[in-house]
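Notes follow the structure.
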Amino acid sequence: MRLPHVVAAVVLLAAGGASARDADPWWQSFQLHGFADQALVYTSENRWFGDSPDLSFDFTEIGLNASVRPLPNLLLAGQVLSRRAGDMYDGSPVLDYGLLDLTLASSAARRLGLRLGRMKNPLGLYNETRDVPFTRPGIFLPQVVYFDRVRNLVLSTDGAMLYGELYTDAGNLALTLGSGRSVIDENVEWAYLSRDFDGDVEPDNNTWLASLWYTTQAERLKLGLSGATLRIAFDPDMGSPFTLEPGTTELIYGIASFQYNAADWTLSAEYVLEPLEWRDYGPALPDQDATGEGWYLQGTYRLRRNLELMLRYEEGFGDADDRSGRRLETRTGGLLPRHAGFSKILTAGVRWDINAQWMLRAEYAYNDGTFILSGRENPDYRDQQRYWNLFSLQAAFRF
Amino acid sequence: MASDVRQPRPRRCLRPALMIWLALIVADAEALEMIANAALECQSLTGNQARLFFIMRLRQCPDGSPVKVFVLPDDHELHAAFAKTVLGLFPYQLRRVWDRQVYSGTGQAPETLESEREMIERIGSTPGAIGYAGRVPDNSGIKLLEVR
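If you read the protein sequences in the order shown, they are chains A and B. The first sequence begins at 1 in this note's numbering and counts up one residue at a time. The second sequence begins at 400 in this note's numbering and counts up one residue at a time.
See the structure below:
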């Protein structure tokens, strides 16, 4: 079935279920929301979101979204995002999501629905709204789980997702299953092939996604398992003097999530496991396997309704079997130092919601290791410094 | 010029604080009611149904008639009290749920009104509207929605 046929079928299906008692005209359901933020980033060593050792302003996010319910069980929504993030993103506007959401069944006991289009992947506590500063726990997300250097590895999918929710006295269960084409870019190549070779990386097959969440009725406790599979293929430029052979990288990205919400504080923890396989790239990148791993524990404390403190500790490893990075150093003949194989980060931050529209944040992070750094921003791995400090300020607006 | 009309500062600070404190006591003592447009089909809700309406997961009454949700700003006393006592949620949790839906395209946010008076006016004039008030207003367009 072609896309127009799918859309026509969905609209007909939705119209069939529409209630004649629909009170408000449909266009009154139209909503427009947006956000914009600007950060200042300073690091003692290493580049992070631009020329941070000299104070970088290269972290800007602007988003604008619209949604409308033409029929009671049909939602159309889309968001355009412009994101400037050092050498990783230049701010060109992209379609962040654009989808139709059809509710197939809904009651106080359950909900079943289908989403089609470009959707944010429901992975972990934060992926769906990872670029919206108000929904993040800090200026930067815990990098060992939500890498900014390969932000859109599992960011969004062009395809379909089926979701089901059960509401019971013992709590709520939500299951989402999805498939489609992963929306990736050249940062993925930098992260998984260590540099930008002559050629392109593309998704090689359909990505599969699943997430399962349990929450107590009032969402005090939240437990989740979510994951995605992805295979990317490298298509070398013909006639390039030095590039890789047409190989593939296959990975699974799985997250276990925990959150507890109390009146004044929230405790969150997540663990990510990422088995990776590199195949057929030729002698320059021999076949190999690794298991990326990361976890964090994060507490936020609300001093007042609009003033929040955050403390987080996280650890991440390029390979769980090589947490010291020793094998990485040996295997690359010293090209990649040991500390490129891990990151251990302690972060403290403060958030002040001045009013419903404006928010200010300040954050400090002490870093041991350079695993989270972008090779695109720090192409000479031997220059990367193991110990480094990160200071940042951010102002954000929304409507 | 202004120096000769100096007043003892502590008292000036204390008075608003005292008034806020008194207002809080009054707001606490006041009954909190979930209200709806008089034409809404639902007569009563379970706590879970009420919560599902306000987190925008449920949008219709059991008979299929659509529901429209109105709320007051996050920092409004009545909003905080309603969220906690009736829905069992902290205001920051509601905001998080709405933000996630609005900024991922998987849902919409309720309409935020500025005052209790505006809430009462809009619910009285909007078919399918639900919201809350300190007490059920004397308005023929509005009925009490009992949360069991």
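Cβ coordinates follow ideal geometry from the N, Cα and C atoms, glycine included. Since we're looking at a predicted model, the values are computed, not measured.
Taking C-alpha positions only, B:K467 is separated from A:D158 by approximately 31 Å. Taking C-beta separations shorter than 6 Å and ignoring five residues to either side along the sequence, the partners of A:L173 in its chain run L166 and Y214, following chain order.
Taking 8 Å as the CB threshold, B:S503 lines the interface with chain A. For B:L488, the nearest CB of chain A lies under 8 Å from its own CB, placing it at the interface with that chain. Secondary structure at A:A85: strand, using DSSP grouped into helix, strand and coil.
Neighbourhood of A:K120 in chain B, by CB distance below 9 Å: Y502, S503, G504 and T505, in chain order.
When DSSP reads this structure, A:Y260 sits in a beta bridge with A:L221 and A:L267. Only those residues of the stretch 77-104 of chain A whose C-beta falls short of 7 Å from the nearest C-beta of chain B are listed: A77, G78, Q79, Y97, L99 and D101. When the five nearest sequence neighbours on each side are left out, the beta carbons in the same chain lying within less than 6 Å of the beta carbon of A:G254 are those of G227 and L273, in order along the chain.
Within chain B, no residue has its CB atom less than 7 Å from the CB of A:S52, the nearest being about 27 Å off. Shown here for A:A191: same chain residues with a beta carbon closer than 6 Å to its own, the five before and five after excluded, namely R149 and V150 in chain order. Within the stretch 304-380 of chain A, the alpha helix (DSSP H) runs of at least 4 residues that lie entirely inside it are, in chain order, 326-331.
Counting along the chain, the unbroken alpha helix (DSSP H) around B:S524 starts and ends at E515 to S524. At a cut-off of 8 Å between beta-carbon atoms, A:E219 makes contact with chain B.
Taking 8 Å as the CB threshold, B:Q442 stays off the interface with chain A.
Between A:A269 and A:Y296, the gap from beta carbon to beta carbon is short of 8 Å.
When C-alpha distances from A:N152 are compared across A:A66, A:T129 and A:P133, the shortest belongs to A:T129. Ranked by how close their Cα comes to the Cα of A:Q143, the residues A:W48, A:G239, A:S240 and A:R361 have A:W48 in first place. At a cut-off of 8 Å between beta carbons, B:R456 contacts chain A.
Annotation for A:V68: the continuous beta strand (DSSP E) segment containing it runs S56 to L71. Among the CB atoms of chain B, none fall inside 8 Å of the CB of A:Y146.
Per DSSP, the beta bridge partners of A:H33 are A:N65. At least one CB of chain A lies nearer than 8 Å to the CB of B:L451. Counting only runs that start and end inside the stretch 95-178 of chain A, the beta strand (DSSP E) elements of at least 3 residues fall at 110-120 and 156-168.
With a threshold of 8 Å between beta carbons, B:A435 makes no contact with chain A. For A:Y214, the closest Cβ of chain B is not nearer than 8 Å. With respect to the 8 Å criterion, A:F342 and A:R323 are classified as neighbours on the basis of their beta carbons. For a Cβ distance threshold of 8 Å, residue set A108, Y167, D169 and Q217 of chain A lies close to B:N447, ordered along the chain. For the C-beta of B:R521, not a single chain A residue is nearer than 8 Å; the gap to the nearest is close to 12 Å. Secondary structure of A:D200 (DSSP, three-state): strand. Residue pairing by DSSP places A:V80 opposite A:L64 and A:L95 in a beta bridge.
Just so you know, the alpha carbons of A:S44 and B:F481 end up roughly 47 Å apart.
Using beta-carbon distances, A:S67 counts as an interface residue toward chain B, with a partner under 8 Å. At a cut-off of 8 Å between beta carbons, B:R547 makes no contact with chain A. In this chain, A:F242 is not harboured by any beta strand (DSSP E), its DSSP state being neither H nor E. Under the Cβ criterion of 8 Å, B:P465 is counted among the residues facing chain A.
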